[in-house]
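Report on the following structure.
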Amino acid sequence: MISGRERFQSTLGLVDLSQTLDLVFLVLPNYCLGRAFSNFYQNYHFLQFCTSSIPTEFICKVLNISYQTNYYSFSQPGVGRYLTSLTVQGLTFLCLLFIIESRILCQLWQFRRRYWSALPESPVSPPEDRDVADERKKVLESPVEQSLSSPLVIKELSKVYGRRDFLLAVDRMSLAISRGECFGLLGFNGAGKTTTFRMLTGDETVSSGDAYIDGHSILHSMKKAQQRIGYCPQFDPLLEHMTGRETLCLYARLRGVPETYITSCVENMLRGLLLEAYANKLVRTYSGGNKRKLSAGIALIGGPPVIFMDEPSTGMDPVARRLLWDAVTRTRESGKAVIITSHSMEECEALCTRLAIMVNGQLKCLGSPQHLKSKFGSGYTLLAKTSRGEDDLKAFKEFVEAVFPGSLLKHEHQGMVHYHITNQKLSWAQVFGILEKAKEKFDLEDYCVSQITLEQVFLGFSHFQQPPDVGLV
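Going by full-length UniProt numbering, the first residue of the sequence shown is number 1, and it counts up by one from there.
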């Protein structure tokens, strides 16, 4: 086991380069580990050979073969420098891991933002809606004990991007959500819905304000708060080399479900979301709709006290969507708090006990779906179909415009007309009385009068929304 490496390096003039690279590569753990094993093995054989007899010792001197009687020497071929480097690196990485996991840097940054940077004033906006103002007052004046006992309490939560050309993504949101409540957060792209979710789940830092999740502050006890939430994000963060069943088992264990109940819990979730046929297939083979179902299952499994669902039914077929709604309803009825964002008004009316519409980072209205339709829905919707020709249809249209001044014709097709009656002073009895007379006069096949839909209320806030900026959703 005689090596002439040193002689070759000396002949080629690479000794200095070799020593320099050896020092540089000390920062690489895999290099240190490999060199330590190599030198230890090499030094053992050199030591055995060179000290076995006087002739072999003479040969080692002639060939310039170096060895160390102390294996842990810092001189070549000792392993001292490599073991020391590994020790220092281990301690350094351990400290970095502690800093990252304890979020010390984030807390220091938040401290700096809170005490050294003033929150910019939000642009001039219309007066706050009374329901939103009452909710803010209730949250800010409620005792601390109430905040600690509620599933979710948000106090003046704000998020600012940038310094000079700042973007106020979420503007002093205050909200309290009770147990057994499904709260819907509606808004256009760029309104700040996903930014709010990301702050509540720890994916984004908070510029000002605080929130309590099952009694734990997201500023001071984020780890404990995260243990009490289920989260279905807008984009599916799934482990694609695991099967659906393995994924749900993993999250069930993380949620603390007893081992004896994990199998039944997972099977119930797979059955409830129509994923049984795909349970043993890799996630990477799933369609977009099945991935959304699996993400929703991850959020619901284990029954966390607070569940955030960001557009959970996107890409699902109608049957799967209905099954998801049933699962969310059962979860809400079991006493959990569910917060969802959605662009489907049908979904919000089916699931949500309360709704809020968010525009430019602010809550513009708050209340039950029926309350919002009654408060912001102006007038009625009229659908009517005539059984005769174009002349009768034209006469009926003139009649509607005469008896309901300001009515807007939304749609007309094959004898059917869709009107928006804007007069809010008319009672239901007056509207039906007028249309019953018109039914006989114009020979209407059928007509329907209904309240303004939630979607129309939602679209009524569209002119307040500014164009979305990059990174704000």
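All C-beta atoms in this analysis are idealised placements derived from N, C-alpha and C, irrespective of residue type, glycine included. Every value quoted in this text rests on a predicted model; they were computed, and no experiment measured them.
(request) Compare the Cα-Cα distances from Leu-408 to each of Lys-385, Leu-157, Asn-423, Gly-215 and report the closest residue. (result) Numbered from 1 along the sequence shown, position 408 holds the residue referred to as residue 408. Taking only the C-alpha atoms, the option nearest Leu-408 is Asn-423.
(request) With DSSP collapsed to three states, give me the class of Glu-412. (result) Position 412 of the sequence shown, counting from 1, holds the residue named residue 412. If DSSP states are grouped into helix, strand and coil, Glu-412 belongs with the strands.
(request) Would you kindly work out how many angstroms separate the C-alpha atoms of Phe-196 and Ser-342, rounded to a whole number? (result) The residue given as residue 196 occupies position 196 in the sequence shown. The residue given as residue 342 occupies position 342 in the sequence shown. In the sequence as displayed, the identity of residue 196 is Thr instead of Phe. When rounded, the distance between both Cα atoms is 14 Å.
(request) Give, in chain order, every unbroken run of the beta strand (DSSP E) that is at least 3 residues long and sits entirely within the segment 376-441. (result) Fully enclosed beta strand (DSSP E) runs of 3 or longer: 380-386, 408-413, 416-421.
(message) Tell me the rounded alpha-carbon separation between Gln-451 and Tyr-380.
(response) In the sequence shown, residue 451 corresponds to position 451, counting from 1. In the sequence shown, residue 380 corresponds to position 380, counting from 1. Between the alpha carbons of Gln-451 and Tyr-380 lies a gap of roughly 5 Å.
(request) Using three-state DSSP, classify His-216 as helix, strand or coil. (result) Working through the sequence shown from its first residue, we reach residue 216 at position 216. DSSP places His-216 in strand when its eight states are reduced to three.
(request) Give the straight-line distance between the Cα atoms of Leu-363 and Val-153, rounded to the nearest whole angstrom. (result) Position 363 of the sequence shown, counting from 1, holds the residue named residue 363. Position 153 of the sequence shown, counting from 1, holds the residue named residue 153. For Leu-363 and Val-153, the distance between alpha carbons rounds to 15 Å.
(message) I need the DSSP call for Glu-181, collapsed to helix, strand or coil.
(response) For the purposes of this step, residue 181 is taken as the residue at position 181 of the sequence shown. Glu-181 falls in the coil class under three-state DSSP.
(request) Quick one: grab the DSSP three-state call for Lys-336. (result) The residue given as residue 336 occupies position 336 in the sequence shown. Coil at Lys-336, not helix or strand.
(message) Using only the alpha-carbon positions, how far apart do Arg-245 and Ile-298 sit?
(response) What you label residue 245 is simply residue 245 of the sequence shown in a count that begins at 1. What you label residue 298 is simply residue 298 of the sequence shown in a count that begins at 1. Answer to the nearest angstrom: the Cα atoms are 11 Å apart.
(request) Provide the residue(s) that pair with Cys-348 in DSSP beta bridges, ordered along the chain. (result) In the sequence shown, counting from the first residue as 1, residue 348 sits at position 348. None, per the DSSP bridge assignment.
(request) Can you tell me which of the three DSSP states Ser-450 falls into? (result) If you number the sequence shown from 1, residue 450 lands on position 450. For Ser-450, the secondary structure class from DSSP, reduced to helix, strand or coil, is strand.
(request) State the DSSP-derived secondary structure class of Leu-239, mapped to helix, strand or coil. (result) Locating residue 239 in the sequence shown gives position 239, where the first residue counts as 1. Assignment of Leu-239 by DSSP, reduced to helix, strand and coil, places it in the coil class.
(message) Which residue marks the beginning of the beta strand (DSSP E) containing Glu-154, and which one marks its end?
(response) Within the sequence shown, residue 154 is the residue found at index 154, counting from 1. Residue identity check: residue 154 is Ile in the sequence provided, not Glu. For Ile-154, the enclosing beta strand (DSSP E) covers residues 152-161.
(message) For Ser-344, tell me which candidate among Ser-334, Asn-360, Arg-322 has the shortest Cα-Cα distance.
(response) Here residue 344 corresponds to residue number 344 of the sequence shown, with the count starting at 1. The shortest C-alpha separation from Ser-344 is found at Arg-322.
(request) Measure the C-alpha to C-alpha separation of Gly-361 and Ala-169 and round it to an integer number of angstroms. (result) Position 361 of the sequence shown, counted from the first residue, corresponds to residue 361. Position 169 of the sequence shown, counted from the first residue, corresponds to residue 169. Each residue's CA atom was taken as its position, placing Gly-361 and Ala-169 some 5 Å apart.
(message) I need the DSSP call for Ser-207, collapsed to helix, strand or coil.
(response) Your numbering for residue 207 matches position 207 in the sequence shown. Three-state DSSP puts Ser-207 in coil, outside helix and strand.
(request) Output the distance between the C-alpha atoms of Ser-295 and Leu-108, rounded to the nearest integer angstrom. (result) Looking up residue 295 in the sequence shown gives position 295. Looking up residue 108 in the sequence shown gives position 108. When the Cα atoms are used, Ser-295 and Leu-108 turn out to be separated by approximately 33 Å.
(message) I need the straight-line Cα distance from Glu-347 to Pro-405, nearest angstrom please.
(response) Residue 347 sits at position 347 when you count from the first residue of the sequence shown. Residue 405 sits at position 405 when you count from the first residue of the sequence shown. When rounded, the distance between both Cα atoms is 34 Å.
(message) Quick check on Asn-39: buried or exposed, where buried means 16 or more other Cβ atoms within 10 Å of its Cβ?
(response) Here residue 39 refers to the residue found at position 39 when the sequence shown is read from its first residue. Flag for Asn-39 reads buried.
(message) DSSP three-state label for Gly-367, please.
(response) What you label residue 367 is simply residue 367 of the sequence shown in a count that begins at 1. Gly-367: strand per DSSP, three-state reduction.
(message) Please state whether the Cβ-Cβ distance between residue 502 and Cys-265 is less than 8 Å.
(response) The chain is shown only over 1 to 473; residue 502 falls outside these bounds and no answer can be derived.
(request) Kindly indicate which residue of Asp-310, Tyr-212, Gln-430, Gly-433 has the alpha-carbon position closest to the one of Gly-187. (result) For the purposes of this step, residue 187 is taken as residue 187 along the sequence shown, with counting starting at 1. It is Asp-310 whose Cα lies nearest to the Cα of Gly-187.
(request) Just grab the DSSP bridge partners of Val-79 for me. (result) In the sequence shown, counting from the first residue as 1, residue 79 sits at position 79. None, per the DSSP bridge assignment.
(message) Suppose contacts are defined by Cβ-Cβ distances below 8 Å. Is Ile-340 in contact with Phe-458 by that definition?
(response) On the sequence shown, residue 340 is found 340 positions in, with the first residue counted as 1. On the sequence shown, residue 458 is found 458 positions in, with the first residue counted as 1. In this structure, Phe-458 does not lie closer than 8 Å to Ile-340 by Cβ.
(message) Below 8 Å, how does it come out for the segment 32-46 and the segment 67-81: are there three or more Cβ pairs, yes or no?
(response) The segment 32-46 is in contact with the segment 67-81.
(message) Once DSSP output is grouped into helix, strand and coil, what is the label at Phe-46?
(response) Translated into the one-based positions of the sequence shown, residue 46 becomes position 46. DSSP, read as helix, strand or coil, puts Phe-46 in helix.
(message) What does the alpha-carbon distance come out to for the pair Val-473 and His-411?
(response) Taking the sequence shown and counting its residues from 1, one reaches residue 473 at position 473. Taking the sequence shown and counting its residues from 1, one reaches residue 411 at position 411. Here the model assigns Val-473 a pLDDT of 47, short of 50, so the residue's position is not dependable, and the following value carries that caveat. One C-alpha to the other measures close to 32 Å.
(request) Could you tell me which residues DSSP puts in a beta bridge with Phe-308? (result) Position 308 of the sequence shown, counted from the start, is the residue given in the question as residue 308. Residue pairing from DSSP places Phe-308 in a beta bridge opposite Tyr-231, Ile-339.
(message) Among Ser-427, Ile-434, Leu-275, Glu-101, whose alpha-carbon lies nearest the alpha-carbon of Lys-402?
(response) Taking the first residue of the sequence shown as 1, we reach residue 402 at position 402. Sequence inspection shows Ala at residue 402; the Lys mentioned does not correspond to that position. Here the closest residue by C-alpha is Ile-434.
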